[in-house]
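Residues in the sequence shown are numbered consecutively from 25, following the working numbering. Structure, as C-alpha cells:
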Amino acid sequence: RRFTHVFDTVKACIFAWRKNKSKHYSIASNQSYSIIELAKMFKSKIRYLPKREGERFASALTKMNLNNKIIRLGAKIKLRDYIKNFLMNNC
Numbered sequence: 025r026r027f028t029h030v031f032d033t034v035k036a037c038i039f040a041w042r043k044n045k046s047k048h049y050s051i052a053s054n055q056s057y058s059i060i061e062l063a064k065m066f067k068s069k070i071r072y073l074p075k076r077e078g079e080r081f082a083s084a085l086t087k088m089n090l091n092n093k094i095i096r097l098g099a100k101i102k103l104r105d106y107i108k109n110f111l112m113n114n115c
C-alpha cells in the first residue's frame, strides 16, 4: 500500500487545480508498505485476527506515470518519519 499524508494530498490537488489541465494525476507516495510493516512501526504487540471471508490480501499497486508533473512533487511527509514523530510527541 502507498500511504500519503493528507497535507501532501491536498497540496497535490491544489497544484493540479491551478494547472487547470484535463489530465489524470496519480497522487501517491513512491514508497509502499505492507500493513504488517505499518503495524511494526508502532512498536507494540500485533494482534492477528482470523481470516475473514472475502478479505483481500494482495495489494494492487498501479504504475505511476512519471510524465505527470504532480509526481515530481513527491510526498514531503514520509510515513515512517510521521509515525516516529507522532509516537515521540503523543506517547
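Beta carbons: idealized from backbone N, C-alpha and C, even for Gly. Bear in mind the structure is a predicted one, so any value in this text is a computation, not a measurement.
- For Asn109, the enclosing alpha helix (DSSP H) has its first and last residue at Leu103 to Asn114.
- In this structure, DSSP gives Arg42 a helical state, which the three-state scheme calls helix.
- Among the bridge pairs identified by DSSP, Arg80 is matched with none.
- In this structure, the beta-carbon distance from Phe66 to Ile38 does not fall below 8 Å.
- The shortest C-alpha to C-alpha distance from Phe31 to any of Leu62, Ile51, Arg25 and Pro74 is the one to Ile51.
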